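**Q** Take this structure first; my questions come after.
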Amino acid sequence: MKFTKIIVQVVALYVFYMIGTWVQEMLNIPIPGSLIGLFLLLILLSMKVLPVKWFDLGAETLVAIMPFLLIPPTIGLMNYGAFFMSKGISLFITIVASTFLIIIVAGHTGQYLANRKEKESR
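Offset between the sequence shown (1-based) and this note's numbering: plus 153.
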């Protein structure tokens, strides 16, 4: 039963990805469709139109297997060694800056959600 629930929730998350991709293609927005779908899901979850429990197990499963999903693209980077050697410093600065930005945003988001959950439990 749990396996079926996870599959259904992952499919539901994929539907949001597909909706975001469709919106991106129809409106020619320079933002990836996956981000549009994620933002749409965020809006619906924050407005409590959709309950979080409809997505929690599927999202936890995807986060748990995420490192395995990132291995093939990382190995594929080995084909572009010359490119990385010529653009090394600028790529390094970009990667470090974006990593810090992601850490800061994720930290603040996590703190906000933890505080909100703590307030709701009182």
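All residues carry an ideal CB built from backbone N, CA and C; glycine is no exception.
None of these values were measured; they are calculated from a predicted model.
Look at the alpha carbon of Val163 and the alpha carbon of Glu178, and state the distance between them as a whole number of angstroms.
**A** C-alpha separation (whole angstroms): 23 Å.
**Q** Under the rule that 16 or more other beta-carbon atoms within 10 Å means buried, what is Gly173, buried or exposed?
**A** Per the 10 Å Cβ criterion, buried.
**Q** On the premise that Leu191 lies in contact with Phe169, defined as a C-beta separation below 8 Å, what is that separation, rounded to the nearest angstrom?
**A** Going by Cβ atoms, the distance from Phe169 to Leu191 rounds to 7 Å, so yes, they are a contact pair.
**Q** If we count the other Cβ atoms within 10 Å of its Cβ and call it buried at 16 or more, is Ile189 buried or exposed?
**A** By the 10 Å Cβ count, Ile189 comes out buried.
**Q** My guess is that Lys158 and Leu210 are in contact by the Cβ rule of under 8 Å, so how many angstroms apart are they, rounded?
**A** About 6 Å separates the two Cβ atoms, so the contact holds.
**Q** Output needed for Pro204: all residues of its chain with C-beta closer than 7 Å, excluding positions within five of it in sequence on either side, in chain order.
**A** Hits under 7 Å: none found.
**Q** Quick check on Leu222: buried or exposed, where buried means 16 or more other Cβ atoms within 10 Å of its Cβ?
**A** Exposed is the call here.
**Q** Within 10 angstroms of the Cβ of Leu166, are there 16 or more other Cβ atoms? Answer buried if so, exposed if not.
**A** Label assigned to Leu166: buried.
**Q** The alpha helix (DSSP H) with Val268 in it runs from where to where?
**A** Sequence check: residue 268 is Asn here, not Val. Asn268 -> alpha helix (DSSP H) spans Gly241 to Ser274.
**Q** According to DSSP, is Ile182 part of a helix, a strand, or is it coil?
**A** Here Ile182 sits in coil by DSSP.
**Q** Measure the beta-carbon distance from Phe237 to Leu244 and round it to whole angstroms, keeping in mind my assumption that it falls under 8 Å.
**A** Between Leu244 and Phe237 the Cβ distance is about 6 Å, and since that is below 8 Å, they are a contact.
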